[in-house]
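So the protein sequences, as listed, match chains P and U. Counting from 717, one number per residue, gives the positions in the first sequence under my numbering. Counting from 451, one number per residue, gives the positions in the second sequence under my numbering. Backbone N, C-alpha and C define an ideal beta-carbon position, used for all residues, glycine too. The structure presented is a predicted model; accordingly, all values stated were derived computationally and were not measured. Here's the structure we're looking at; comments come further down.
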Amino acid sequence: MNDPVVAKRPAGSGDPGAARGVAAAPTASEAPIPPTPEAPETPKAPHVRPGDRIFRGLATGSGVFIVVLIGAIGLFLILQAIPSLGLDQINFLTSREWNTSDPANLRFGILDLLLVTVIVSILALLIAMPIALGIALFLTQYAPRNLARPFAYVVDLLAAVPSIVFGLWGLFVLGPVLYPFSEWLIDTLGWIPIFAKGNVNVQLGGTIFTAGIVVAVMILPIITAVSREVFDRTPRMHIEGAIALGATKWEVVRTTVLPFGKAGYVSASMLGLGRALGETIAVMIILSTTSAAFGWSLFDGGATFASKIALAAPEFNDTRSAGAYIAAGLVLFVLTFVVNAIARSIVAGHKEYE
Amino acid sequence: MAKRLDIKDLNLFYGKFHAVENVSLAVPPKNVTAFIGPSGCGKSTVLRSLNRMHEVAPGARVEGKVLLDGEDIYASTVDPVEVRRTIGMVFQRPNPFPTMSIRDNVVAGLRLAGVKDKKKLDEVAERSLRGANLWNEVKDRLDKPGGGLSGGQQQRLCIARAIAVQPDVLLMDEPCSALDPISTLAIEDLITELKKEYTIVIVTHNMQQAARVSDQTAFFNLLGVGQPGQLIEVDDTEKIFSNPGQKATEDYISGRFG
């Protein structure tokens, strides 16, 4: 019973289809923009279907939940940090000392933690940004389509490698490999402060230099993946416009892909920076701790906010000492917030071009 | 300037799909040639093969010859980038570079060709914008982004960009299909003026437009879905629209298609 109907339909609609073709051709030729006939609906009282209501509730709930969650985390950090900050015997923001072993005499300042965290992250970013840009451009513009896909998977896979594995790799593989190079840098460029001999044994490789390179590898996938998405969305007609003007491949990239993807690339990098700032386990394993103050050298050791807190976690038995670390965590929280805000404003500044 | 094009036994492919079959056609200089035909008949594909844009699509392939004043643009020694610098193109949708100012858009082609002299660039920008009948509308905002103009102005900006490099041939792929009738009229007037200096090939779905602006018209058709498109006939526009040689052409232009 059903079959004849199905069989009939294409045959039946085929003829009117051809007839429509006759009617359509002259219409298209007379008016370049044919007016689209729209039957205006008579306005009715707004009726919300239950499915709509449920979905809106779920979506709104999720949105509210994340805001509340972030607010709660911030509030927790502030509430836990305030008592210890009050007990701090030295200036929290400008001191380099960190001694919380005696809860009755807390002496902690975050200056060194802040500097080490920022320097490791910036080094990682400086290394990762150009490489990620190169990979993203290769994948979207140069690689043959059947190669681009598997290659992109490999890069994404890098993000799935556990942080602890990167840490071990940095400590046991990269550190020793870098040692001759580090030594050479110290010998030849040691007169520049950032290449000066540091406060830890460079032979062990537990330097900011090693940590920065490892973190660079870790943030490479996120920057690459986001940049790739953005570059891939460059409007075809802009690319063709450039090609038709006689642009070479590189000129096409320069005149269309890069201007279009610039904001996305910058925000991708800021996302990477956010990751780098908070990276914990790998940095903790790699960086040699030291009691000496940070001396602005890449070959110094030390600790970042995250690695310092993680190292001290077993000793959080006194709320006053723990509060000192939570205060450090609060600074990290604020720092990542600021970085993200800067990224947003950069992206917003380029909106007109998207 | 204003060279002639001779298309000889052109076959175009997308991968295994044979898109256009055995097209041979002469485009005289300082003359407007219109390509008409139903959707999917390959007229845009042929147009894109005339400045080697066809091969930009993955898997696209070209067989046959396209002679620009006797020189085959598909010869193995010819750099496609050079071909595109001498054969300009205007697209269906206006596509000014959104990050560039109006002036930079116009001189983008010259910059790519290595011209750096600012005075020269400014001169060319003015001359090209005047040539595209856009100068008076934009002369006070040359430094503003090209994306801020209306659709018709953007399309004229793209024409200015294409003629700024003084191409030998100007290809237009349905340049008015995204424009309103007034902007369309402006572009058609412009085509008539540009004809004095340039060889123009235009693809259009609008038969009145073909009749208004072109000197010769080529009608493309396809015999069925999956079959390659073919050139049915090419002749003086007047003849095609009054007394076409082929039944299919007559059916198409009179609206009795199929």
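Assigned secondary structure, residue i (DSSP; H/G/I helix, E/B strand, else coil)
i: Leu629/U; result: coil
i: His504/U; result: helix
i: Gly679/U; result: strand
i: Gly509/U; result: coil
i: Leu460/U; result: strand
i: Gly994/P; result: helix
i: Phe1032/P; result: coil
i: Ser551/U; result: strand
i: Leu592/U; result: coil
i: Arg769/P; result: helix
i: Val557/U; result: coil
i: Glu716/P; result: Absent from the model: residue 716/P. The displayed extent of chain P is 717 to 1070, so no value can be given.
i: Glu521/U; result: strand
i: Pro750/P; result: Residue confidence is low: Pro750/P scores 48 on pLDDT, short of 50, so the model does not pin down where it sits. Its coordinate-derived value is still stated next. Coil.
i: Val1054/P; result: helix
i: Gln666/U; result: strand
7 Å Cβ cutoff met for residue i and residue j
i: Lys453/U; j: Asp529/U; result: no
i: Arg812/P; j: Ala1022/P; result: no
i: Ala1043/P; j: Ser837/P; result: no
i: Cys626/U; j: Ile637/U; result: yes
i: Ser943/P; j: Ala984/P; result: yes
i: Ala1040/P; j: Leu822/P; result: yes
i: Leu1003/P; j: Ala927/P; result: yes
i: Leu560/U; j: Ala963/P; result: no
i: Ala1064/P; j: Met986/P; result: no
i: Gly465/U; j: Gly509/U; result: yes
i: Leu621/U; j: Leu500/U; result: yes
i: Asp1034/P; j: Asn915/P; result: no
i: Pro951/P; j: Thr549/U; result: no
i: Gly1018/P; j: Val832/P; result: yes
i: Ile826/P; j: Val999/P; result: no
i: Ile938/P; j: Gly988/P; result: yes
i: Ile1001/P; j: Gly921/P; result: no
i: Ile955/P; j: Ile880/P; result: no
i: Ala992/P; j: Ala788/P; result: no
i: Gly490/U; j: Ala469/U; result: no
i: Gly994/P; j: Leu793/P; result: no
i: Leu855/P; j: Ala868/P; result: yes
Close Cβ partners of residue i (< 6 Å) along its chain, the five nearest in sequence each way excluded
i: Ser578/U; result: Val556, Ala610, Ile613, Ala614
i: Arg553/U; result: Ala575, Leu592
i: Ala852/P; result: Thr940, Ser943, Arg944, Phe947
Inter-residue CB distance, residue i and residue j (contact presumed, cutoff 8 Å)
i: Val516/U; j: Asp522/U; result: 7 Å
i: Ala929/P; j: Leu890/P; result: For the sequence presented, residue 929/P should be read as Ile rather than Ala. Their Cβ separation, rounded to whole angstroms, is 6 Å, which keeps Ile929/P and Leu890/P in contact under 8 Å.
i: Phe925/P; j: Leu1014/P; result: 4 Å
i: Val871/P; j: Thr816/P; result: Contact doesn't hold; Cβ gap of about 41 Å is too wide.
i: Thr1020/P; j: Leu894/P; result: Contact flag wrong, Cβ pair sits at about 19 Å.
i: Val653/U; j: Phe485/U; result: 5 Å
i: Val482/U; j: Lys645/U; result: 5 Å
i: Gln680/U; j: Glu471/U; result: 5 Å
i: Lys965/P; j: Gln857/P; result: 7 Å
Cβ shell of residue i (< 7 Å), same chain only, five flanking positions each side left out
i: Tyr981/P; result: Leu849, Ser943, Val946
i: Ile847/P; result: Leu936
i: Ala740/P; result: Here Ala740/P scores only 42 on pLDDT, less than 50, and its place in the model is too uncertain to base an answer on.
i: Gly990/P; result: Thr1052, Val1055, Asn1056
i: Thr699/U; result: Phe669, Ile682, Glu683, Ile690
i: Ile457/U; result: Val473, Ser474, Leu475, Val516
Own chain partners of residue i with C-beta closer than 8 Å, once the 5 adjacent residues on each side are dropped
i: Ser745/P; result: Because Ser745/P carries a pLDDT of 42, less than 50, the predicted location of this residue cannot be relied on, and no value is offered for it.
i: Ala628/U; result: Gln542, Arg543, Pro544, Gly601, Gln605
i: Ala734/P; result: Reliability of the predicted coordinates at Ala734/P is poor, the pLDDT of 42 falling under 50, and the value obtained from them is presented with this limitation in mind. The answer is none, since no qualifying residue turns up.
i: Pro617/U; result: Arg535, Thr536, Ile537, Gly538, Tyr648
i: Glu688/U; result: none
i: Pro479/U; result: Ala452, Lys453, Arg454, Thr649
*Name, going along the chain, the residues of the stretch 962–975 of chain P whose beta-carbon falls closer than 8 Å to a beta-carbon of chain U.*
Taken in chain order, the members of the stretch 962–975 of chain P whose beta-carbon sits within less than 8 Å of a beta-carbon on chain U are Gly962, Ala963, Thr964, Glu967, Thr971, Thr972, Pro975.
_Residues of the stretch 860–885 of chain P in Cβ contact with chain U at a cutoff of 8 Å, in chain order, please._
Flagged, chain order: Arg861.
*Residues of the stretch 554–571 of chain U with Cβ closer than 9 Å to any Cβ of chain P, in chain order*: The residues in question are Ala558, Gly559, Arg561, Leu562, Ala563.
*Positions along the stretch 945–957 of chain P whose CB lies within less than 7 Å of some CB in chain U*: Result list: Met953, His954, Glu956, Gly957.
*Output, in sequence order along the chain, the residues in the stretch 512–527 of chain U whose CB is closer than 9 Å to any CB in chain P.*
Cβ contacts with chain P: none found.
*asked:* For the stretch 633–654 of chain U, list every residue whose C-beta sits within 7 Å of some C-beta in chain P, in sequence order.
replied: Taken in chain order, the members of the stretch 633–654 of chain U whose beta-carbon sits within less than 7 Å of a beta-carbon on chain P are Thr634.
*asked:* Taking beta-carbon pairs under 8 Å, can you tell me which members of the stretch 489–512 of chain U lie near chain P?
replied: Listed in sequence order: Asn501, Met503, Val506, Pro508.
*Selection of the stretch 832–849 of chain P by Cβ proximity to chain U, strictly under 8 Å*: From the stretch 832–849 of chain P, no residue has a Cβ closer than 8 Å to chain U.
*Could you run through the stretch 660–691 of chain U and flag, in chain order, every residue whose CB is less than 7 Å away from some CB of chain P?*
For the stretch 660–691 of chain U, which is checked against every Cβ of chain P, not one residue is closer than 7 Å.
*In chain order, what residues of the stretch 1003–1024 of chain P put their CB closer than 7 Å to some CB of chain U?*
If the cut-off is 7 Å between Cβ atoms, the stretch 1003–1024 of chain P has nothing near chain U.
*Check distances from the C-beta atoms of the stretch 1039–1057 of chain P to those of chain U and list, in chain order, the residues that come in under 9 Å.*
For the stretch 1039–1057 of chain P, the set of residues with a beta-carbon nearer than 9 Å to any beta-carbon of chain U is empty.
*Near-chain P residues of the stretch 471–487 of chain U (beta-carbon distance less than 9 Å), N- to C-terminal order*: When C-beta distances to chain P are compared with 9 Å, the residues of the stretch 471–487 of chain U below that value are Ile486, in chain order.
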